[in-house]
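Following: one structure in structure tokens, then a few remarks.
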Amino acid sequence: MSRVGGVPGVLLAALALVGLLAGAAAAAGLPQAPEEERVRTADGWELPLLRYPASPGAPRHHAIPVVLVHGTGVNRMNWMATPRHDLAAYLSRRGFEVYVPELRGSRASVPPERSGLRAGDWDFDTHLRRDLPALLARVGRRTGSRSVYYVGHSLGGILGYVYAAEEDPEGIAGIVALGSPTRIDPLGGAQAGAEKRRGMAPRRGRLDAPGLVRFVLPFLTNPGVRLAHLLSNPENVDGEVVRAVLRDGLEPVASGLLRQYIRWVGAAEITDRHGRGYRERLERIACPALLVAGRADAVVPAWQVRSAYEDLSAADRTWLVLGRAWGFSADYGHADMVIGRAAPDEVFPRIGDWLEDRERERCRERAPWAGNGE
Amino acid sequence: MPRIARIVPLAALLAVAAALADPRVPGARAAEDRAEAGTVVVCPDFPLSARVFRGGPSGGLAGALERAGHRVVEVDPWAEGHRDALDLEGVLDGPVATALEEARTHRRPVAWIGHGVCGLLPAYAAARRSPAPDLLVALGTPFDFSLPSPALRRFLADPGDTGARDVLWRNGIGARERIPFPDVPPAPWVLRDLREGWESGRGPRVAGVTFDDAIGAWNRPLLVVAGSVDGIAPPEDALRGHRLAPSTDRTFRVVGWADHARGDYGHLGLLLGDRAHRDVWRHLVAWLGERLGDRGGRGRR
Numbered sequence: 000m001s002r003v004g005g006v007p008g009v010l011l012a013a014l015a016l017v018g019l020l021a022g023a024a025a026a027a028g029l030p031q032a033p034e035e036e037r038v039r040t041a042d043g044w045e046l047p048l049l050r051y052p053a054s055p056g057a058p059r060h061h062a063i064p065v066v067l068v069h070g071t072g073v074n075r076m077n078w079m080a081t082p083r084h085d086l087a088a089y090l091s092r093r094g095f096e097v098y099v100p101e102l103r104g105s106r107a108s109v110p111p112e113r114s115g116l117r118a119g120d121w122d123f124d125t126h127l128r129r130d131l132p133a134l135l136a137r138v139g140r141r142t143g144s145r146s147v148y149y150v151g152h153s154l155g156g157i158l159g160y161v162y163a164a165e166e167d168p169e170g171i172a173g174i175v176a177l178g179s180p181t182r183i184d185p186l187g188g189a190q191a192g193a194e195k196r197r198g199m200a201p202r203r204g205r206l207d208a209p210g211l212v213r214f215v216l217p218f219l220t221n222p223g224v225r226l227a228h229l230l231s232n233p234e235n236v237d238g239e240v241v242r243a244v245l246r247d248g249l250e251p252v253a254s255g256l257l258r259q260y261i262r263w264v265g266a267a268e269i270t271d272r273h274g275r276g277y278r279e280r281l282e283r284i285a286c287p288a289l290l291v292a293g294r295a296d297a298v299v300p301a302w303q304v305r306s307a308y309e310d311l312s313a314a315d316r317t318w319l320v321l322g323r324a325w326g327f328s329a330d331y332g333h334a335d336m337v338i339g340r341a342a343p344d345e346v347f348p349r350i351g352d353w354l355e356d357r358e359r360e361r362c363r364e365r366a367p368w369a370g371n372g373e
Numbered sequence: 000m001p002r003i004a005r006i007v008p009l010a011a012l013l014a015v016a017a018a019l020a021d022p023r024v025p026g027a028r029a030a031e032d033r034a035e036a037g038t039v040v041v042c043p044d045f046p047l048s049a050r051v052f053r054g055g056p057s058g059g060l061a062g063a064l065e066r067a068g069h070r071v072v073e074v075d076p077w078a079e080g081h082r083d084a085l086d087l088e089g090v091l092d093g094p095v096a097t098a099l100e101e102a103r104t105h106r107r108p109v110a111w112i113g114h115g116v117c118g119l120l121p122a123y124a125a126a127r128r129s130p131a132p133d134l135l136v137a138l139g140t141p142f143d144f145s146l147p148s149p150a151l152r153r154f155l156a157d158p159g160d161t162g163a164r165d166v167l168w169r170n171g172i173g174a175r176e177r178i179p180f181p182d183v184p185p186a187p188w189v190l191r192d193l194r195e196g197w198e199s200g201r202g203p204r205v206a207g208v209t210f211d212d213a214i215g216a217w218n219r220p221l222l223v224v225a226g227s228v229d230g231i232a233p234p235e236d237a238l239r240g241h242r243l244a245p246s247t248d249r250t251f252r253v254v255g256w257a258d259h260a261r262g263d264y265g266h267l268g269l270l271l272g273d274r275a276h277r278d279v280w281r282h283l284v285a286w287l288g289e290r291l292g293d294r295g296g297r298g299r300r
């Protein structure tokens, strides 16, 4: 065989191999590659939305999709720092259709012309009333499901509480919130210092978190440095994972959002931009909730996350502390709830189990004869 | 008669007289009375001995209190509870009442530093209108019983479960390596009361007094200190005591990286951690000094 003539043969063989591998992956329950689409908000922003179909190899496919909403100053990398630390792929392997949106301000979002991108004039209320409704409506149209399981980290979880209480209670079938408080008790924790430093918050534009982090990067993986303990428990994360998130996962933080956070610390609770407290309305939340706290979380300490457990009125509430006394390999910090060394082995399954239990329960409610021998 | 022969009987006579006149009663050991400030009763968590207050750097928390000019009274309720088959009510009426009686002999304000469960006892005493201390420092004290960790459930089911004990007591900086576990055999009736308290989710009921009634009656100064990674009394459980107590002078403090400590603290770490003297006791002694006065000349509130 001539050398030139051999190329198509090699290509065909390679393609066949890829096809075989893809088939094997599907058979093994590996997730398909996510598809990315764009969602337009009512005020003209274009937000990215990743879709992970339920893995064809999953034992069963669940009717209600899962939406993973990231925290402050990060993007989709929040949920997929490495192929191993990919919660979306994990849930897809367990038979859920998973959506990973990015809120406005991420590098992949596109502002309308003459938007407030430079001014950084969006805040919590904007994410709540503009971004989430558009994103969740798209998920509903794609899946035909009236509701979603909402999984949020930090800010993402707080958005979930208020969305379920105010915007669309029927649209949330269950909430999993990781490191998300409903009260900001300024008795201690990192927030206590935030209010004292409120003068440092920019009045306009965005706080260049990626730039700042690049500056302090060498300190962020050193367990002997206090700064390293703020974002995660440095003994519970691999340096390369942290560096990957810091390199590709950080986004600037809007000054409007930052100022609102500082007001929350002053008010000791979550409020809208006019200072109206959301807390009382959280009593309306009736959907099941899994409240997850990191034992060593310095950003949102477990005693602040506990406020959510106390404020939500759902009869089906689960309290889970990622710490050694709860059977975990380490006391988890804020970021390592998802990117921790053992998170894929011990945190993801707890989330997957909780979602599957609710899905089973929901099916039982819809088919009351099931399981009673009739 | 040689001079020494006269001195020895005299010294012996003085020693006997001192022993007879010693107001101390069994169950409480007072350190040498060289204090100028207040009296501090220190009470260990179940089922530890009071030796835990002498562990840690530089003579332990008890040493730090003495250096600040306080008279320290140690109480060992769980050892006595085991020996005399006491339940929580018996502990309250026995060793606790005895220690407070001893502490009151000096007509100074009495502070109580209770580690773990011992931080609950003064509130029950106050609710029953029994003698109670003037100030309470609850160190690693669980004030919420509704959501115990799996390790705590295991410990309550079987106090000999070494895996649970290791996670619950030695988590956090320093303490794991430095000390033998200074425990005493668990008093079975106390253990029963604690189990019931956590199983009901409402805390122990002591002589008809519920825990919420007890803490609801505490209107004296209160300092609640919680270790950030404490598996027995996590900050979220300790915080409830701070919220429920009607005291107008109350302070809540978490010791961990986020709160300017040089590490995350667990249950024993608060007393035995390598840096506990700087991260925990210093603040505690200062808080007491502001209210009791101390050798440093700080006045009483």
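Chains as they are written, first to last, in numbering that gives the first Met the number 0: chain A, 0 to 373; chain B, 0 to 300. The C-beta atom is built at its ideal place from N, Cα and C for all residues, glycine as well.
Out of A:M79, A:G178, A:S144 and A:H273, state which residue places its alpha-carbon closest to the alpha-carbon of L245 (chain A).
Residue numbering aside, residue 245 (chain A) sits at position 246 when the first sequence is read from its first letter. The candidate whose alpha carbon is nearest that of L245 (chain A) is A:M79.
Answer with buried or exposed for A41 (chain A), where buried requires no fewer than 16 other C-beta atoms within 10 angstroms of its C-beta.
Here residue 41 (chain A) refers to the residue found at position 42 of the first sequence. Result: exposed.
For L334 (chain A), I'd like the list of residues in its chain whose CB is within less than 6 Å of its CB, leaving aside the five on either flank, ordered along the chain.
Reading the first sequence from its first residue, position 335 is the one you call residue 334 (chain A). Correcting the residue identity first, residue 334 (chain A) is Ala in this sequence and not Leu. L230 and S231, listed in sequence order.
Could one say the Cβ of H228 (chain A) lies closer than 7 Å to chain B's Cβ atoms, at least one of them?
Position 229 of the first sequence, counted from the start, is the residue given in the question as residue 228 (chain A). Answer yes: the Cβ-Cβ gap between H228 (chain A) and chain B drops below 7 Å somewhere.
Taking a cut of 8 Å between CB atoms, which residues from the stretch 130 to 154 of chain B lie near chain A?
L146, S148, P149, A150 and L151
Quick check: what's the CA-CA separation for T317 (chain A) versus V337 (chain A)?
Here residue 317 (chain A) is taken as the residue at index 318 of the first sequence, counted from 1. Here residue 337 (chain A) is taken as the residue at index 338 of the first sequence, counted from 1. Each residue's alpha carbon lies about 18 Å from the other.
Does the Cβ of E198 (chain B) have 16 or more other Cβ atoms within 10 Å, making it buried, or fewer, making it exposed?
In the second sequence, residue 198 (chain B) corresponds to position 199, counting from 1. Classification for E198 (chain B): exposed.
For chain B, find out if any of its Cβ atoms is closer than 7 Å to the Cβ of A297 (chain A); answer yes or no.
Here residue 297 (chain A) corresponds to residue number 298 of the first sequence, with the count starting at 1. For A297 (chain A), the answer is yes, since a Cβ of chain B falls inside 7 Å of its Cβ.
Is V38 (chain A) near L154 (chain A), with beta carbons less than 7 Å apart?
Looking up residue 38 (chain A) in the first sequence gives position 39. Looking up residue 154 (chain A) in the first sequence gives position 155. No.
Where does G68 (chain B) fall in DSSP's three states?
Position 69 of the second sequence holds residue 68 (chain B). DSSP places G68 (chain B) in coil when its eight states are reduced to three.
Which same chain residues end up closer than 7 Å to G28 (chain A) when comparing Cβ atoms and leaving out the 5 residues on each side of it in sequence?
By one-based count along the first sequence, residue 28 (chain A) stands at place 29. Low confidence applies to G28 (chain A): its pLDDT is 49, below 50, so where it sits in the model is not reliable enough to give any reading.
S227 (chain B) versus R305 (chain A): straight-line alpha-carbon distance, rounded
Numbered from its first residue, the second sequence carries residue 227 (chain B) at position 228. Numbered from its first residue, the first sequence carries residue 305 (chain A) at position 306. Rounded to whole angstroms, S227 (chain B) to R305 (chain A) spans 14 Å at the Cα level.
Would you mind listing the alpha helix (DSSP H) stretches within the stretch 228 to 268 of chain B that are 4+ residues and don't spill past its ends, in chain order?
234 to 243
Do you know how far the Cα of G115 (chain B) is from the Cα of V40 (chain B)?
Translated into the one-based positions of the second sequence, residue 40 (chain B) becomes position 41. Translated into the one-based positions of the second sequence, residue 115 (chain B) becomes position 116. Rounded to the nearest angstrom, the two C-alpha atoms are 14 Å apart.
Within 7 Å, strictly: CB atoms of G55 (chain B) and L222 (chain B)
As a working mapping, residue 55 (chain B) is identified with position 56 in the second sequence. As a working mapping, residue 222 (chain B) is identified with position 223 in the second sequence. For G55 (chain B) and L222 (chain B), no; Cβs fall outside 7 Å.
A301 (chain A) versus chain B: which residues are under 8 Å apart at the beta carbon?
Taking the first sequence and counting its residues from 1, the one referred to as residue 301 (chain A) is at position 302. Going along chain B in sequence order, the residues near A301 (chain A) (Cβ under 8 Å) are P233, P234 and E235.
Put L48 (chain A) into one of helix, strand or coil per three-state DSSP.
The residue given as residue 48 (chain A) occupies position 49 in the first sequence. Residue state, collapsed to three classes: strand.
Entirely enclosed alpha helix (DSSP H) segments - the stretch 99 to 178 of chain A, minimum 4 residues
131 to 142 and 154 to 161
Got a sec: is the Cβ-Cβ distance from L222 (chain B) to anything in chain A below 7 Å?
In the second sequence, residue 222 (chain B) corresponds to position 223, counting from 1. Output row for L222 (chain B): interface = no.
For L289 (chain A), which residues of its own chain have a beta-carbon under 6 Å away from its beta-carbon, when the five flanking residues on both sides are left out?
Along the first sequence, read from residue 1 onward, the residue named residue 289 (chain A) stands at position 290. So the list reads V175, T317 and W353, once near-sequence residues are dropped.
For the stretch 47 to 62 of chain B against the stretch 264 to 280 of chain B, do three or more pairs of beta-carbon atoms, one drawn from each stretch, fall closer than 8 Å, so that the two count as touching?
yes
Within-7 Å CB hit, N170 (chain B) to chain D:
Of the protein chains in this structure, namely A and B, none is chain D.
Kindly list the residues whose CB is nearer than 7 Å to the CB of G248 (chain A), restricted to its own chain and excluding five residues on each side of it in sequence; keep chain order.
Here residue 248 (chain A) corresponds to residue number 249 of the first sequence, with the count starting at 1. So the list reads V73, N74, M76, N77 and A80, once near-sequence residues are dropped.
Within the 7 Å Cβ cut-off, does A257 (chain B) reach chain A?
Translated into the one-based positions of the second sequence, residue 257 (chain B) becomes position 258. True, the Cβ-Cβ gap to chain A drops below 7 Å.
Where does the unbroken beta strand (DSSP E) through T97 (chain B) begin, and where does it stop?
Here residue 97 (chain B) refers to the residue found at position 98 when the second sequence is read from its first residue. Note, T97 (chain B): premise wrong, no beta strand (DSSP E); alpha helix (DSSP H) at A96 to R103.
Rounding to the nearest angstrom, what Cα-Cα distance links G293 (chain A) and A329 (chain A) in this structure?
Translated into the one-based positions of the first sequence, residue 293 (chain A) becomes position 294. Translated into the one-based positions of the first sequence, residue 329 (chain A) becomes position 330. Roughly 10 Å separates the two Cα atoms.
Among B:V183, B:A131, B:D211 and B:D236, whose alpha-carbon lies nearest the alpha-carbon of P220 (chain B)?
To locate residue 220 (chain B), count along the second sequence from 1; it is residue 221. The candidate whose alpha carbon is nearest that of P220 (chain B) is B:A131.
Status (buried if at least 16 other CB within 10 Å, exposed otherwise) for D344 (chain A)
Numbered from 1 along the first sequence, position 345 holds the residue referred to as residue 344 (chain A). So D344 (chain A) ends up on the exposed side.
Could you give the distance in angstroms between the alpha-carbon of P25 (chain B) and the alpha-carbon of G80 (chain B)?
Counting from 1 along the second sequence, the entry for residue 25 (chain B) is found at position 26. Counting from 1 along the second sequence, the entry for residue 80 (chain B) is found at position 81. With a pLDDT of only 40 at P25 (chain B), under 50, the local geometry of the prediction cannot be trusted, and the value read off the model is given with reservation. Roughly 13 Å between the two C-alpha positions.
If you drop the 5 nearest sequence neighbours on each side, which residues of the same chain put their C-beta closer than 7 Å to that of L16 (chain A)?
Reading the first sequence from its first residue, position 17 is the one you call residue 16 (chain A). Any reading at L16 (chain A) must be qualified, since the residue scores a pLDDT of 44, below 50, and its modelled position is unreliable; the value itself is stated next. None.
Assigned exposure category for A186 (chain B) - 16 Cβ within 10 Å defines buried:
For the purposes of this step, residue 186 (chain B) is taken as residue 187 along the second sequence, with counting starting at 1. A186 (chain B) is buried by the Cβ-count criterion.
For A307 (chain A) and A137 (chain B), what's the separation of their Cα atoms in angstroms?
Here residue 307 (chain A) refers to the residue found at position 308 of the first sequence. Here residue 137 (chain B) refers to the residue found at position 138 of the second sequence. Between A307 (chain A) and A137 (chain B), the C-alpha separation is close to 25 Å.
With DSSP collapsed to three states, give me the class of R59 (chain A).
For the purposes of this step, residue 59 (chain A) is taken as the residue at position 60 of the first sequence. Coil at R59 (chain A), not helix or strand.
Nearest to P234 (chain B) by alpha carbon, out of B:V208, B:V74 and B:D263?
The count along the second sequence starts at 1 and reaches residue 234 (chain B) at position 235. Measuring from the Cα of P234 (chain B), the nearest candidate turns out to be B:D263.
State whether the stretch 258 to 266 of chain A contacts the stretch 125 to 144 of chain A, with contact taken as three or more CB pairs (one from each stretch) at a distance under 8 Å.
no
Would a C-beta distance cut-off of 7 Å place G70 (chain A) and H126 (chain A) closer than the cut-off?
On the first sequence, residue 70 (chain A) is found 71 positions in, with the first residue counted as 1. On the first sequence, residue 126 (chain A) is found 127 positions in, with the first residue counted as 1. Not in contact: G70 (chain A) and H126 (chain A) (Cβ atoms no closer than 7 Å).
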